[in-house]
Each structure stands twice: as structure tokens, then as C-alpha cells.
Amino acid sequence: MTAPATPPLPVPPAAEELFARFFDDAALFPPGNATMATAVPAHLAFRGGLVGPFVLPASRLAEVDVHLDRSGPPLDLALIAAPADLPAAAGAIADHPGLRLAAVEATVAVDAAQARSTVRTLAACLPPDLPVAVEIPRTGGRDEVLDALAGTGLRAKLRTGGVRADLFPPVGELAATIRACVDRGIAFKCTAGLHHAIQHTDPVTGFHHHGFLNVLLAADEPSRAADHLARTDAAEVAAELRTWSPTRAARAREVFTSFGTCDIGDPIHDLVHLGLLPERITA
């Protein structure tokens, strides 16, 4: 006799709050390195509320136009730019009917002086309600940069990986940075390396990747950030997230706003597998 199939776990009531616009589409970036011709139509085909804006370097802005769907809504962009390049790039997007500036990610500020200069430039050329993140250095200048951002409404951008092993911060470093952000009331987004829900070692590269659910738990409970970042039991993590109320989920997402992923399918597949999103989800 065939054993009855295990029924799927019920999707938690806080799923919508937990994962709304959580996944910024960084298809152009490593290791995906999608072409513009592939990445823009794929992003425009997404439906539903999981996917955030299309992440685009200012240097590639001119490449987008030919791939837009003129019959559909504008393409939401998260623009990556050095502060000096922002006024021209933001103006070009504002003048284009097929584009909408949804967020800005300023390049890394190495110290307090550069951070303060970045804050002034952003305030002068961007709407006050636009989500803006400034990349934080992984050096001794981290805290002074965060001090300069505190109280401005700007977010921190935390680098959590890349194409080399040294671009992945150790657990202790990332935990300390999360606590430093929370202590100053600064929300953060993450960039690179968060390919899967739970921390793991990539069998091909040997790089140790943080998990985006680990980071979410750390954002919710920064005093135990290192413990949460080190967790490996996916079922246990998923069970804990099932107990979250919509209010708690929204509060955690106010801290950890989103992360860039070069393949939207991988993190969504992980969440479906863990029973945290329905099987017939559309991005």
C-alpha cells in the first residue's frame, strides 16, 4: 500500500508582510550576468508582490530603452550610482516615460566626510521620500559612516558576498554591522551572496554564503544576531517564522528592507520548499 502523501504545510499568515518586494532583481550582476536583452523582459514579466525594482548601474542606463515594453507600466529602477553621477541619471529617468526611479543605491562611503557629502548630494537631487541606501565600508570607518547616516532617513547597504571569498563577511562581522545599524535606527538592504534561505557553503566555489532568512532573524533580534546567522536547521527556522504575527513581520522588514539577487527563482523556490510561500506562487 502506498503511504499517503504528506499534506503541504499551511502558509503562515505573515507571509505577505515577510516577503513583499523583498527580492531586488539584480539579474545583470554576477554570478548570473544576464544580458540586458534577457533581463529587462524577464523582469517586466514578473507579476505579484515579491519582486522589487530592477537594479541598474547608472553606466548602463542608455542600454535599457530598446528593451522596454511601451504598452505596459514603467520599469521600476533601483539605480546604482556614485553621488556625482546621480543628478544627471535621475534627471534622465524622470524624463523617460518608460522608466520610474524606485530606489537609489549610492556607492560606498569610506569615511564620515564622504558620507556627509553623499547625504548632501542626495538631499539636493532626490525626492525626500525615495528609498536610498548608501553602501557601508567593511573597515574601521563603518561606525563613523553609520553615525553620519543616523537620523537622515537613509538606509545602509551591506555587502554580503561577491565573486571572491574575501567579499563575504564572517558571521561576527555581519552580526556586529547589523547591531550597529539597529542601534542607530538605520534600516539596511543587502547586496550579493544571499542566494539561498539558509547559510551554506557553495560546493563549487567553497564560499560560505549567508542565508537571507538568517539575516531576517538577525534583524528581528539583533542582540542574538551571531546566533541567528549561524543557524543551519532550515525546518527549525521556517517553524519559527510561522509563529510571527504580521506586526512582527512588518517590524523586521522595516529593518531588513530587501536584498539583491541575480536569480529571483532560487530564493522563491527555497521559500516554497520550506512552506513559507504557496506552491503556485508567482513572483
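Numbering-wise, the sequence shown is residues 11 to 293 according to the numbering used here. For every residue, glycine included, the Cβ atom is placed at its ideal position computed from N, Cα and C. Source: prediction; values computed, not measured.
**Q.** For Asp-273 and Ile-196, the rounded distance between their alpha carbons
**A.** As the crow flies, the alpha-carbon of Ile-196 is around 27 Å from that of Asp-273.
**Q.** Residue-level contact to chain B via CB, Phe-178, 8 Å cutoff
**A.** Checking the listed chains, one finds no chain B in this structure; it contains a single protein chain.
Q: Keeping to the same chain, check which residues put their C-beta closer than 8 Å to that of Pro-213; ignore five residues upstream and five downstream.
A: Nothing meets the Cβ criterion.
**Q.** N-terminal and C-terminal residue of the alpha helix (DSSP H) that Leu-132 is part of
**A.** For Leu-132, the enclosing alpha helix (DSSP H) covers residues 122-135.
Q. Leaving out five residues before and five after Arg-110 in sequence, what residues of the same chain have Cβ atoms less than 6 Å from its Cβ?
A. For Arg-110, where only same-chain residues beyond five positions count, the Cβ hits under 6 Å are Pro-84 and Asp-86.
Q. What distance in whole Å lies between the Cβ atoms of Ala-228 and Ala-185, which are believed to be in contact at a cut-off of 8 Å?
A. About 6 Å separates the two Cβ atoms, so the contact holds.
Q.
Let me make sure I understand the geometry here. Which of Val-76, Leu-168 and Ala-207 has the alpha-carbon closest to that of Asn-224?
A. Residue Ala-207 is the option with its Cα nearest to Asn-224.
Q. Are there 16 or more other CB atoms within 10 angstroms of the CB of Ala-72, so buried, or fewer, so exposed?
A. Exposed: under 16 other Cβ atoms inside 10 Å.
Q) For Leu-222, does the three-state DSSP call read helix, strand or coil? A) First, the amino acid is wrong: residue 222 is Phe here, not Leu. In this structure, Phe-222 counts as helix in the three-state DSSP scheme.
Q | Contacts around Pro-107, its chain only, beta-carbon distance under 8 Å, and the 5 residues preceding and following it disregarded | A | So the list reads Pro-84, once near-sequence residues are dropped.
(Q) Taking only three categories from DSSP, how would you classify Arg-27? (A) For the record, residue 27 in the displayed sequence is Glu; it is not Arg. DSSP places Glu-27 within a helical segment (H, G or I) once states are collapsed to three.
Q | For Ala-88, the residue or residues it bridges with in DSSP | A | Bridge partners of Ala-88 according to DSSP: Val-65 and Ala-113.
**Q.** Where Glu-264 falls: helix, strand or coil (DSSP)
**A.** For Glu-264, the secondary structure class from DSSP, reduced to helix, strand or coil, is helix.
Q) Which residue from Thr-215, His-205, Arg-70 and Cys-191 puts its Cα closest to that of Glu-231? A) Nearest of Thr-215, His-205, Arg-70 and Cys-191 to Glu-231, Cα basis: Cys-191.
(Q) So the candidates are Ala-104, Ala-112, Thr-187 and Gly-150; which of them puts its Cα closest to the Cα of Ile-90? (A) Measuring C-alpha to C-alpha distances from Ile-90 to each of Ala-104, Ala-112, Thr-187 and Gly-150 identifies Ala-112 as the nearest.
Q: Using a threshold of 8 Å, state whether the C-beta atoms of Ala-143 and Glu-115 are closer than that.
A: Yes; because the gap between Cβ atoms is below 8 Å, this pair is in contact.
Q. Looking at Phe-32 and Leu-60, is the spacing between their C-beta atoms short of 8 Å?
A. Taking 8 Å as the Cβ cut-off, Leu-60 and Phe-32 qualify as a contacting pair.
Q | Run of the alpha helix (DSSP H) containing Cys-191, from where it starts to where it stops | A | Cys-191 -> alpha helix (DSSP H) spans 181-193.
Q: Please check the pair Leu-287 and Ile-278, which I expect to be a contact at CB under 8 Å, by giving their CB distance rounded to whole angstroms.
A: Correct: roughly 7 Å between the Cβ atoms.
**Q.** Cutoff 6 Å; reference Leu-281; Cβ partners in own chain excluding five residues on either side
**A.** Apart from sequence neighbours up to five positions away, the residues of its chain that approach Leu-281 with a beta-carbon distance below 6 Å are Leu-287, ordered along the chain.
Q | As assigned by DSSP and simplified to three states, the class of Ala-173 | A | The amino acid occupying residue 173 in the given sequence is Val; Ala does not appear at that position. It is coil, neither helix nor strand.
(Q) Could you pull the DSSP bridge partners for Arg-165 from this structure? (A) Note: Arg-165 is bridge-paired with Ala-143 in the DSSP secondary-structure output.
(Q) Can you find the residues in the same chain that come closer than 7 Å, C-beta to C-beta, to Ala-25, ignoring five residues on each side of it along the sequence? (A) Correct list, in chain order: Leu-286 and Leu-287.
Q | As assigned by DSSP and simplified to three states, the class of Asp-300 | A | The question about residue 300 has no answer, for the chain in this structure spans 11 to 293.
Q) If you compare alpha carbons, which of Ala-119, Ala-47, Gly-216 and Leu-204 is closest to Leu-164? A) Closest option to Leu-164, Cα to Cα, is Ala-119.
Q | Selection from Ala-262, Leu-78 and Thr-117 that minimises the alpha carbon distance to Ala-52 | A | Selected option, being the one with the closest Cα: Leu-78.
Q: Report all residues from its chain with a CB closer than 8 Å to the CB of Val-173; omit the five preceding and five following residues, and keep chain order.
A: Closer than 8 Å at Cβ, skipping near neighbours: Pro-40 and Pro-41.
Q | Minimum C-alpha distance to Ile-103 - residue among Ala-94, Ser-127 and Val-74 | A | Ile-103 has its Cα closest to that of Val-74, out of Ala-94, Ser-127 and Val-74.
(Q) Assuming Ser-127 and Pro-93 are in contact, meaning their beta carbons sit under 8 Å apart, how far apart are those beta carbons, in whole angstroms? (A) About 7 Å; that satisfies the 8 Å criterion.
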